[in-house]
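Asker:
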């Protein structure tokens with residue numbers, strides 16, 4: 008029983024990080040209907056920023072979130088204005104290819120600049136844990152889960168309670184109607200991509216202390232984010248949150264009960280099943 | 168050595184290494200070893216023209232690299248590649264093309280088990296790594312239950328297999344057999360399984376990045392066997408040792424240490440430290456000695472591939488890797504019967520603790536987290 | 009007829025190349041080129057003609073590779089028979105996958121195709137008894153090819169691979185040629201342009217999409233088998249990895265999707281570029297791919313071929 012709980016809780020904690028990446032992706036999709044295949048690379052940039060802030064300025068990774076998020080927001084906004092904006096009316100397949108190309112450019116530029124050496128970020132609490140009965144919870148994972156919760160809550164409040172948030176949601180719901188109501192949908196696009204990137208940056212800052220950093224790390228995160236978003240429902244933030252935690256749990260438990268090598272397989276099989284049986288996901292709005 | 172001085176010879180050697188890609192940091196330690204070897208060869212009067220190829224960590228690229236070296240660059244012999252997975256297809260192509268190849272570190276047993284004439288290896292195959300580590304541990308105290316944790320790649324699987332075979336022949340009970348897919352941020356499920364099996368000894372095979380994550384999570388989960396043994400690779404790297412919280416007390420099988428007592432080993436380490444600002448892992452020593460031996464043979468044989476092969480087959484050396492002779496034994500061909508050492512991280516330093524004739528410190532046992 | 013000549017002459021020229029060029033390295037580059045062309049043309053059938061962007065075609069490539077290899081190594085079946093069995097396997101699985109995934113539209117189909125390829129890759133990684141897992145399979149020496157009592161080749165040089173590769177590339181181009189001008193091509197175009205309209209006209213969508221996928225998967229698997237024997241070593245990441253799928257897509261997009269010459273041009277550009285850059289940029293030749301794709305999507309969505317055709321048309325119009 009303890010083994011099961013241990014695995015379950017570890018899965019939930021790491022699921023929080025997956026959720027954060029997924030939320031960024033789903034926000035971008037919701038507002039612009041663009042599936043950003045470079046989301047993982049944005050996380051990667053966040054990870055490198057965190058690493059260098061730590062190595063060069065001694066800033067704790069969890070604190071540096073407040074620096075990484077605005078930095079990635081700017082990066083995202085620039086990318087939106089220069090590239091994404093131009094393909095908003097193109098075929099969805101072409102949009103995907105554009106973001107795939109963007110991902111290749113980002114990861115390979117990082118490789119040229121930073122080399123493909125794995126970087127490891129070690130803090131004093133990297134291997135600490137908090138005891139809960141016979142269960143041990145990783146300290147860094149706990150921090151990241153709490154921060155993810157805070158960011159998600161803040162995002163939710165922003166979207167539900169502020170005018171800009173309402174404008175974003177309106178654009179996501181019906182672009183033309185929003186425009187007719189006076190919403191500057193182009194700005195909303197920039198804002199959404201910027202926010203999505205900022206969230207990716209935050210995820211990067213939170214993952215950096217518990218994983219390792221290298222240029223190609225983005226690919227796996229992008230794929231995981233897709234699973235999270237499809238499971239939760241494209242365009243739904245609560246869905247992405249739930250999806251992330253769910254995927255974290257599934258991964259952890261399948262590693263425990265089937266085999267560690269099979270956990271990714273289980274996730275993809277579930278992904279396929281959701282795509283085929285309920286493509287709108289758990290909480291998504293059905294749209295063709 | 169004198170013979171080498173008599174020939175102001177010029178030889179052409181190909182090197183296949185992982186200069187870029189995920190194993191680049193280890194590849195760099197090999198490159199550094201090669202650099203030092205080139206300097207020493209020059210001092211001995213052997214001019215080596217090195218043609219270097221980067222396999223980027225991918226076996227197919229290693230294969231293409233070999234083909235290029237053999238057909239386009241006309242090298243006399245090849246040293247490398249680094250990893251078992253790259254060496255796999257490469258040695259076969261070397262044999263087919265009748266070019267002598269000397270493997271510095273790759274541990275997969277099959278590499279020198281295929282009845283090949285042109286394939287030589289200086290480091291011990293995987294079974295040596297497992298046997299030494301487990302022998303050392305069993306000598307420290309009674310142990311009944313063994314857990315094996317390894318990455319499901321060539322290197323991990325072959326080394327783990329030998330550990331499991333050892334357990335079967337030495338009365339150890341295999342209580343956990345966990346193969347993980349490398350690159351995951353979360354090994355907690357795997358480690359929780361291991362913990363629940365309550366092992367006395369945990370034998371692990373990983374490269375550096377995963378080794379660090381695994382040990383961090385092991386500490387976090389309070390997995391506390393009487394001994395942790397790392398089967399070469401990641402656990403011997405300075406990057407791992409530098410993580411003081413998690414490396415202290417970890418035993419590791421290794422092909423070389425600076426305090427092994429072999430001729431020139433200490434000086435090599437000091438020279439390496441001064442040049443590259445970091446302690447040399449065994450990879451550098453293996454690389455150094457491999458290039459030295461290959462170049463010497465190529466010089467003696469006047470760049471003839473078959474004569475070089477014969478020279479390797481018959482030769483004897485005694486350098487920083489200790490006595491080296493390529494023999495056939497136990498189903499291996501052209502394999503150097505290299506004694507595997509076991510080290511332990513004590514106070515942030517790597518010290519040799521086994522076998523007795525090379526040990527410089529007493530091992531700390533049983534294992535306790537700091 | 010004239011279009012046919014435009015293809016036959018270069019093909020004949022290529023067939024004569026080994027008489028002048030003996031360097032194994034140069035022949036190696038040609039063989040890489042043939043593989044890239046074959047893959048691009050294969051993908052074009054489903055991606056270009058039918059408009060279904062599969063980013064998981066590595067699945068069929070890998071199945072071709074593993075199928076033929078395993079048959080040779082475990083059952084001793086020579087590649088010239090084993091390949092067809094591997095192709096058949098790939099096609100059967102492809103049709104099954106198509107049947108369940110073709111109901112998905114646009115980006116959802118893309119995601120599903122990626123998931124399928126990853127599932128197959130992970131299965132190959134974990135099903136050690138059959139595939140040897142991460143250790144991969146090292147090809148053994150190929151049996152000499154004999155007809156009657158005469159040995160045609162014992163596979164010890166690059167030349168037989170050169171000719172086989174050329175044949176394969178020509179075959180895939182020919183398949184594209186034939187499909188484009190056939191009724192199938194016509195239906196595929198309708199499906200690509202407006203799926204719902206095609207459906208309302210009574211065109212059975214899944215049937216034709218599956219036909220295209222079957223053809224595409226067959227060609228891809230054939231190429232995968234060939235490439236596996238040529239390289240002599242396969243492992244799951246190398247043949248099922250998403251990079252393989254992405255390269256296939258990029259070849260077509262950059263060259264010109266939906267045309268017969270497009271993938272060919274794309275293959276030439278990408279192979280030559282990556283060989284040339286290997287010396288300076290090492291692995292980062294993918295950077296150039298990324299830049300090219302972005303440039304193509306933004307500036308010339310019809311690829312280089314479309315761009316050139318557009319220019320020629322402008323010139324012909326006398327501007």
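Protein chains in written order, with my numbering: chain P, 8 to 295; chain D, 168 to 537; chain A, 9 to 327.
From the three backbone atoms N, C-alpha and C, an ideal C-beta is built for every residue, glycine too.
Under 8 Å by Cβ, that's how I've got residue 30 (chain P) and residue 171 (chain P) pegged, so tell me the actual separation to the nearest angstrom.
Answerer: That belief does not hold up - the Cβ atoms of residue 30 (chain P) and residue 171 (chain P) are roughly 17 Å apart, past 8 Å.
Asker: Going by DSSP in three states, residue 17 (chain A) sits in which element: helix, strand or coil?
Answerer: Three-state result, residue 17 (chain A): helix.
Asker: Could you pull the DSSP bridge partners for residue 347 (chain D) from this structure?
Answerer: Residue 347 (chain D) pairs with D:318.
Asker: Determine the chain A residues that contact residue 107 (chain P) at a beta-carbon separation under 9 Å, and present them in chain order.
Answerer: Result: 63, 254, 257, 258, 298 and 301.
Asker: Output, in sequence order along the chain, the residues in the stretch 351-364 of chain D whose CB is closer than 9 Å to any CB in chain P.
Answerer: Correct list: 351, 352, 353, 354, 355, 356, 357, 359, 360, 362 and 363.
Asker: Give the range of the alpha helix (DSSP H) segment to which residue 203 (chain A) is assigned.
Answerer: Its alpha helix (DSSP H) spans residues 203-208.
Asker: Output, in sequence order along the chain, the residues in the stretch 105-132 of chain A whose CB is closer than 8 Å to any CB in chain P.
Answerer: Listed in sequence order: 108, 109, 111, 112, 113, 114, 115, 116, 118, 119, 120, 122, 123, 124, 126, 127, 130 and 131.
Asker: Going by the CB atoms, is the gap between residue 225 (chain P) and residue 114 (chain P) shorter than 8 Å?
Answerer: In this structure, residue 225 (chain P) lies closer than 8 Å to residue 114 (chain P) by Cβ.
Asker: DSSP on residue 419 (chain D), reduced to helix/strand/coil?
Answerer: If DSSP states are grouped into helix, strand and coil, residue 419 (chain D) belongs with the strands.
Asker: Could you check the C-alpha separation between residue 266 (chain D) and residue 21 (chain A) for me, to the nearest Å?
Answerer: Computed Cα separation, rounded: 35 Å.
Asker: Could you give the uninterrupted runs of the beta strand (DSSP E) lying entirely in the stretch 349-411 of chain D, keeping only those of 3 residues or more?
Answerer: You should have 368-372 and 394-398.
Asker: When you check each C-beta in the stretch 250-274 of chain P against every C-beta of chain D, which residues fall closer than 9 Å?
Answerer: Here the close residues are 255, 258, 259, 260, 261, 262, 263, 264, 266, 267, 268, 269, 270 and 271.
Asker: What number of angstroms, rounded off, separates the C-alpha of residue 276 (chain P) from the C-alpha of residue 123 (chain A)?
Answerer: Computed Cα separation, rounded: 8 Å.
Asker: Strictly by DSSP, which residues pair up with residue 242 (chain A)?
Answerer: DSSP output for residue 242 (chain A) lists A:145 as bridge partner(s).
Asker: Checking 8 Å against the spacing of the C-beta atoms, do residue 147 (chain A) and residue 237 (chain A) come in under that value?
Answerer: The answer is yes: Cβ separation under 8 Å.
Asker: State the start and end residues of the unbroken alpha helix (DSSP H) segment that holds residue 77 (chain A).
Answerer: That run of the alpha helix (DSSP H) goes 66-83.
Asker: What's the C-alpha gap between residue 492 (chain D) and residue 334 (chain D)?
Answerer: Each residue's Cα considered, the two are about 29 Å apart.
Asker: Is residue 470 (chain D) closer than 8 Å to residue 237 (chain D) when the C-beta atoms are compared?
Answerer: Against a cut-off of 8 Å, the Cβ pair of residue 470 (chain D) and residue 237 (chain D) comes out as no contact.
Asker: I need the straight-line Cα distance from residue 289 (chain P) to residue 239 (chain P), nearest angstrom please.
Answerer: Those two C-alpha atoms are separated by around 5 Å.
Asker: Taking only the alpha-carbon atoms, compute the straight-line gap between residue 63 (chain P) and residue 207 (chain D) and give it to the nearest angstrom.
Answerer: So the alpha carbons of these two residues sit roughly 38 Å apart.
Asker: With DSSP as the reference, label residue 255 (chain A) as helix, strand or coil.
Answerer: Helix, per DSSP.
Asker: Do residue 67 (chain P) and residue 130 (chain P) have their beta-carbon atoms positioned less than 8 Å apart in this structure?
Answerer: It is a contact, given that the beta carbons lie within the stated cut-off.
Asker: Using a Cβ-Cβ cutoff of less than 7 Å, which residues in the same chain neighbour residue 260 (chain D) once the five nearest sequence positions on both sides are dropped?
Answerer: 230, 233 and 234, listed in sequence order.
Asker: Just to confirm my understanding: we take residue 271 (chain A), look at its own chain, exclude 5 residues before and 5 after, and list those with CB closer than 6 Å. What are they?
Answerer: Closer than 6 Å at Cβ, skipping near neighbours: 48, 49, 52, 259, 260 and 263.
Asker: When the Cα atoms are used, what is the spatial distance from residue 149 (chain A) to residue 219 (chain P)?
Answerer: Going by the C-alpha atoms only, they are around 41 Å apart.
Asker: Within the continuous beta strand (DSSP E) that includes residue 473 (chain D), where are the two ends?
Answerer: It is not in any beta strand (DSSP E) - residue 473 (chain D) instead sits in the alpha helix (DSSP H) that spans 472-481.
Asker: Going by alpha carbons, who is nearest to residue 184 (chain D) out of D:222, D:405 and D:295?
Answerer: That would be D:222, whose Cα lies nearest to the Cα of residue 184 (chain D).
Asker: Does chain A have any CB closer than 8 Å to the CB of residue 200 (chain P)?
Answerer: Output row for residue 200 (chain P): interface = no.
Asker: When we look at the beta-carbon of residue 96 (chain P) and count the other beta-carbons within 10 Å, is it buried (16 or more) or exposed?
Answerer: So residue 96 (chain P) ends up on the exposed side.
Asker: Label residue 17 (chain A) either buried or exposed according to how many other C-beta atoms from any shown protein chain fall within 10 Å of its C-beta, with 16 as the threshold for buried.
Answerer: Exposed, because fewer than 16 other Cβ atoms sit within 10 Å of the Cβ of residue 17 (chain A).
Asker: Considering Cα atoms alone, identify which of P:177, P:82, P:202 and P:18 is closest to residue 192 (chain P).
Answerer: Among P:177, P:82, P:202 and P:18, the Cα nearest to that of residue 192 (chain P) belongs to P:177.
Asker: Are the C-beta of residue 241 (chain A) and some C-beta of chain D separated by less than 8 Å?
Answerer: Yes, contact with chain D.
Asker: With DSSP as the reference, label residue 490 (chain D) as helix, strand or coil.
Answerer: Strand.
Asker: Using 7 Å as the cut-off, classify the Cβ of residue 349 (chain D) as near or not near the heavy atoms of the ligand MN, replying yes or no.
Answerer: In the structure shown, the ligand MN is absent, as is every other ligand, since no ligand is present at all.
Asker: Rounded to whole angstroms, what is the Cα-Cα separation between residue 174 (chain A) and residue 34 (chain A)?
Answerer: Each residue's Cα considered, the two are about 14 Å apart.
Asker: Please name the residue, chosen from D:424, D:484, D:263 and D:478, that lies closest to residue 511 (chain D) on a Cα-to-Cα basis.
Answerer: The residue with the shortest Cα to Cα distance from residue 511 (chain D) is D:424.
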